[in-house]
Structure formats: structure tokens, C-alpha cells
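Heads up: the sequence lines are chains A and B, in that order.
Each residue of the first sequence is one higher than the last, beginning at 1 in the working numbering.
Each residue of the second sequence is one higher than the last, beginning at 226 in the working numbering.
The C-beta atom is built at its ideal place from N, Cα and C for all residues, glycine as well.
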Amino acid sequence: MIVVTGASRGLGKAICERLQARDIEVFGVARDVSALSFPSMACDVSQPAQVKAVAQLLKTGGKAVSGLVNAAGIASMNLALTTPPEASKRIVETNLLGTIYCCQSIAPLIIRNKGGSIVNFSTIAVALGLKGESVYAASKAGVEGFSRAFAREMADFDIIVNCIAPGPIDTELLKGVSAAQIQQIVSRQILTRQFTPDAVCDLVELLFDPRSRSLSGQVLHVGGA
Amino acid sequence: MHNVPVGDSKQRIFDVIAGLLDGKSIAVSDQTPLIGDGSVLDSMKLVELCLALEDMASELGFAFDWTSETAMSRSRSMFRTAGALASEFIAQRGRPE
Numbered sequence: 001m002i003v004v005t006g007a008s009r010g011l012g013k014a015i016c017e018r019l020q021a022r023d024i025e026v027f028g029v030a031r032d033v034s035a036l037s038f039p040s041m042a043c044d045v046s047q048p049a050q051v052k053a054v055a056q057l058l059k060t061g062g063k064a065v066s067g068l069v070n071a072a073g074i075a076s077m078n079l080a081l082t083t084p085p086e087a088s089k090r091i092v093e094t095n096l097l098g099t100i101y102c103c104q105s106i107a108p109l110i111i112r113n114k115g116g117s118i119v120n121f122s123t124i125a126v127a128l129g130l131k132g133e134s135v136y137a138a139s140k141a142g143v144e145g146f147s148r149a150f151a152r153e154m155a156d157f158d159i160i161v162n163c164i165a166p167g168p169i170d171t172e173l174l175k176g177v178s179a180a181q182i183q184q185i186v187s188r189q190i191l192t193r194q195f196t197p198d199a200v201c202d203l204v205e206l207l208f209d210p211r212s213r214s215l216s217g218q219v220l221h222v223g224g225a
Numbered sequence: 226m227h228n229v230p231v232g233d234s235k236q237r238i239f240d241v242i243a244g245l246l247d248g249k250s251i252a253v254s255d256q257t258p259l260i261g262d263g264s265v266l267d268s269m270k271l272v273e274l275c276l277a278l279e280d281m282a283s284e285l286g287f288a289f290d291w292t293s294e295t296a297m298s299r300s301r302s303m304f305r306t307a308g309a310l311a312s313e314f315i316a317q318r319g320r321p322e
């Protein structure tokens, strides 16, 4: 079974659908799971007690957990100078701390499974240093740093840890971002076109394929950076 | 299993630690360091110890939290010695959920 956070929408939802299409059992985590038609639990990943409760439920259920996809996240397009402190706090708590809490609570289940794969989400904004995304990029740079070090900590247990760093993928997260802004970001990628959630799902699949066993501590940039 | 005497829990924890020493002839005592200078366990064995204690706690009817705040400081860490770890385990066992 693979645990996917942010399972109710955007990339998380697309990843759940892709994995299920491959007959892989998925457990969804989201703040609102009322629309999910597969095993799931409501959880705000920024709340460690709620994340621990998810791990406890999975452990009690006795399912073998072979992977984790930390797709839960919130975006912000704001100049750092105009970002309210509460917004900065919320972004870091969800994107960075949420990823850390989920890794801390779910990795022990994957260790018990004798190996697996953890996929965290960064953004191409880290590599490109995109103007207007400084706080968001900071939270995701933290995810990259955490993932590289955590990959070493998990290597002893045959668990690979990697990041996917998408460019502007067409999901709800981009609501409010103009076509011109998206084009400007895309033009700075190596592959200067906007990718769809399918491209991200392909990489997730790759990172759960045994053929990716030599990859750990890496950041895969969708679109290239 | 809820009525297992506290002293038995401590000895079981020491036995688990001893089992992780890969045949090294070290007598596990209250003062045996688990982190820092002179630690008898590497990071991998420390995680294995945590998982074993999680299982032991389940048998005893409670959830062992090895990420509690007491794990953070070198001087107060529950992992500083085998005795400190056993004390924290026993304290968590007696704590209401």
C-alpha cells in the first residue's frame, strides 16, 4: 500500500488515480476525504498528532506500507515583503513541517515492510529562484534539504527518498496565476512547455518501480532546470 | 499484558538492547550510553530499538512516542542511556493517553 497526502485534489488526486489504475493499493490523506472512494483518513499534515493518528491506524490495520507520496501542499504567489507572517507560517507548516511529520510517522511502517520509496514534492521555483515565490520556494527548499539528509538516514533500511520538483502544472494550485505568468516561468525551464499532471504521475510511477532503486536523495525537475 | 511489572519492562528493554549488539559482550546497565560518545548502537540499531519498543508498548496496551520532546536534548534525551530510555518507556506507560 502507498500512502498519498493531498489526495483529494490536484497532483495528489492525479497520483492516486494513476496508482490505482496500476492496481496499486492507495491510502489517501487529506483535510477533507468525503469525496474519496478509497481507504482514507482526514488529516491536516501540519498537525503532528493527526499525522501520528494516521500512522497508528495503518499500523493497527496491519497493511504493508511500501511507499509515501507527500503531495499535500499550499502555494503562494507573493512578494516576500507583502506576505503576512501568518501566511508564511502556514506555508512552512504545511509544506515543510507537514512533509517532515509524514516522513517521521510513515517511514517506520515502510521500515517494517523491509524497504520502499518516499516521494516528496518541491518546486522548480527553488532551482529557478522565481520572483514572487520566495516564501513558497523557501518552504520547498527546506523539503529538498530534508529529503537529501533523510535519504541517507533511510538508506540503511532499503528505502529511497527523492523529490519531484514540478514547474507550473495545470492544477488548482495555479488558480489565480495568469497565462502570461505561467508562460514566463515555463520559458525558463529547459523544456519550454507546460506539462500536465500526467508527467508528474509518470515520475511517481518511476520512483515506485524497482528499476529506480539506484536513485535516492535526488530532485527530479519536471521540465528541467 | 497490562499487568506486567515495571521492573520486567526495564529488563526486557535491556534484553532488546543486548540483542542489537551483534554479539558484542557488553553488559547493558542503566548507564549504558545509546547516543553520543561511547554509544553501543549505531543509528540503524537505534531505529530498530525504537520499533521494538513500539511493539512492546503495543503488547502492553499503549503507544510509545520516541519523538517526544525529551528526545531532543543531549542532557535530557531519553536515548542518553539505557536506564533513561527504560524510565521514559515506563513513564509513558503510566501516562494517560
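Any beta carbon of chain D sitting closer than 8 angstroms to that of I91/A?
Reference to chain D is not applicable here, since the protein chains of this structure are A and B.
Query raised in the report: Looking at the unbroken beta strand (DSSP E) that takes in F27/A, where does it start and where does it end?
Result: Residue numbering aside, residue 27/A sits at position 27 when the first sequence is read from its first letter. Note, F27/A: beta strand (DSSP E), 26-30.
- Task: Thinking A238/A and E133/A are a contact (beta carbons under 8 angstroms), I'd like their distance in whole angstroms, please.
- Result: No information on residue 238/A is available, as it lies outside the stretch 1 to 225 that chain A covers here.
Going along the chain, which residues of the region 282-312 of chain B sit with their C-beta nearer than 7 angstroms to a C-beta in chain A?
A288, T292
If you measure between the beta carbons of L207/A and V222/A, is that distance less than 8 angstroms?
By one-based count along the first sequence, residue 207/A stands at place 207. By one-based count along the first sequence, residue 222/A stands at place 222. Contact: no.
message = Can you check whether the C-beta of P85/A is within less than 8 angstroms of a C-beta belonging to chain B?
response = Translated into the one-based positions of the first sequence, residue 85/A becomes position 85. No, because no Cβ of chain B sits closer than 8 angstroms to the Cβ of P85/A.
Open item on the list: Per the DSSP calculation, N162/A is bridged to which residue(s)?
Closed with: Counted from its first residue, the first sequence places residue 162/A at position 162. Looking at the DSSP assignment, N162/A forms a beta bridge with V119/A.
_For the structure I just gave you, are there three or more beta carbon pairs, one from the region 49-68 of chain A and one from the region 100-109 of chain A, closer than 8 angstroms?_
yes
For S117/A, which residues from the same chain have a beta carbon less than 6 angstroms from its beta carbon, with the 5 sequence-adjacent residues on both sides left out?
-> Within the first sequence, numbered from 1, the residue matching residue 117/A stands at position 117. G67, I160, L207, F208, listed in sequence order.
Practice item. Along the beta strand (DSSP E) that carries G62/A, what are the first and last residues, could you check? Key: Taking the first sequence and counting its residues from 1, one reaches residue 62/A at position 62. Counting along the chain, G62/A falls outside any beta strand (DSSP E), and DSSP gives it neither H nor E.
C-beta neighbour in chain B for Q20/A, strict 8 angstroms
Stepping through the first sequence from its first residue, residue 20/A is reached at position 20. Not closer than 8 angstroms to any Cβ of chain B, the Cβ of Q20/A fails to qualify, so no.
*Using three-state DSSP, classify V265/B as helix, strand or coil.*
Locating residue 265/B in the second sequence gives position 40, counting from the first residue. Coil at V265/B, not helix or strand.
Subject >> Closest by C-alpha distance to T82/A, when choosing among K131/A, N113/A, A42/A >> reply: Translated into the one-based positions of the first sequence, residue 82/A becomes position 82. Of the candidates K131/A, N113/A, A42/A, the one whose C-alpha sits nearest the C-alpha of T82/A is K131/A.
(Q) Short of 6 angstroms in beta carbon distance, which residues of its chain neighbour G308/B, apart from the five on each side in sequence? Order them along the chain. (A) Along the second sequence, one-based indexing puts residue 308/B at 83. Same-chain partners within the cutoff: D255.
(message) Can you list, in chain order, the residues of its chain with a C-beta nearer than 6 angstroms to that of M226/B? Leave out the 5 residues immediately preceding and following it.
(response) Taking the second sequence and counting its residues from 1, one reaches residue 226/B at position 1. Low local confidence applies: a pLDDT of 46 at M226/B is under 50, so the model's placement there is unreliable, and no value is given.
task: Compare the Cα-Cα distances from S122/A to each of V219/A, L191/A, R18/A, S8/A and report the closest residue.
output: The residue labelled residue 122/A in the question sits at position 122 within the first sequence. It is V219/A.
message: Here's a check: name, in chain order, each residue in its chain whose Cβ is nearer than 7 angstroms to the Cβ of L245/B, leaving out the five neighbours to either side.
response: Sequence index remark: in the second sequence, residue 245/B carries index 20 (1-based). L266, K270, E273, L274.
Under a three-way DSSP split, which group does G6/A fall into? In the first sequence, the residue the question calls residue 6/A occupies position 6. Note: G6/A maps to coil in three-state DSSP.
*Identify the residues that DSSP records as bridge partners of S40/A: which are they?*
For the purposes of this step, residue 40/A is identified with residue 40 of the first sequence, where counting begins at 1. The partner list for S40/A (beta bridge, DSSP) reads G28/A.
- request: State buried or exposed for G6/A, treating a residue as buried only when at least 16 other CB atoms are found within 10 Å of its CB.
  value: Locating residue 6/A in the first sequence gives position 6, counting from the first residue. G6/A is buried by the Cβ-count criterion.
- Task: State the start and end residues of the unbroken alpha helix (DSSP H) segment that holds L220/A.
- Result: Indexing the first sequence from 1 puts residue 220/A at position 220. Where L220/A is concerned, there is no enclosing alpha helix (DSSP H), although the beta strand (DSSP E) it sits in stretches over 219-221.
From the beta carbon of F112/A, is the nearest beta carbon of chain B less than 8 angstroms away? Start at 1 with the first residue of the first sequence, and residue 112/A comes out as number 112. In the sequence as presented, Phe is not what sits at residue 112/A; that position holds Arg. For R112/A, the answer is yes, since a Cβ of chain B falls inside 8 angstroms of its Cβ.
M77/A: which of C102/A, N70/A, R112/A, S88/A sits nearest, CA to CA?
As a first step, residue 77/A is located in the first sequence; it is residue number 77 there, counting from the start. Among C102/A, N70/A, R112/A, S88/A, the Cα nearest to that of M77/A belongs to S88/A.
- Message: Report the CB separation of A151/A from G217/A in whole angstroms; it is logged as a contact under 8 angstroms.
- Response: The sequence position of residue 151/A within the first sequence is 151, counting from 1. The sequence position of residue 217/A within the first sequence is 217, counting from 1. With a Cβ gap of about 4 angstroms, A151/A and G217/A count as contacting.
query: I think F314/B touches S234/B, with their Cβ atoms under 8 angstroms apart; what is that distance to the nearest whole Å?
result: Within the second sequence, residue 314/B is the residue found at index 89, counting from 1. Within the second sequence, residue 234/B is the residue found at index 9, counting from 1. With a Cβ gap of about 6 angstroms, F314/B and S234/B count as contacting.
| said: At the 8 angstroms Cβ level, is V241/B part of the contact set with chain A, yes or no? | reply: Residue numbering aside, residue 241/B sits at position 16 when the second sequence is read from its first letter. Output row for V241/B: interface = no.
ask   = Does V264/B get closer than 8 angstroms to chain A when you measure Cβ to Cβ?
value = The sequence position of residue 264/B within the second sequence is 39, counting from 1. Just to set this straight, residue 264/B is Ser in the shown sequence, not Val. Chain A, which has no Cβ nearer than 8 angstroms to the Cβ of S264/B, makes this no.
Which bits of chain A does L276/B rub up against, with CB to CB less than 9 angstroms?
-> Counted from its first residue, the second sequence places residue 276/B at position 51. Per Cβ cutoff of 9 angstroms: P108, I111, R112.
**K59/A Cβ short of 7 angstroms to the ligand ATP heavy atom set** = The model on display carries no ligand, and the ligand ATP is accordingly not part of it.
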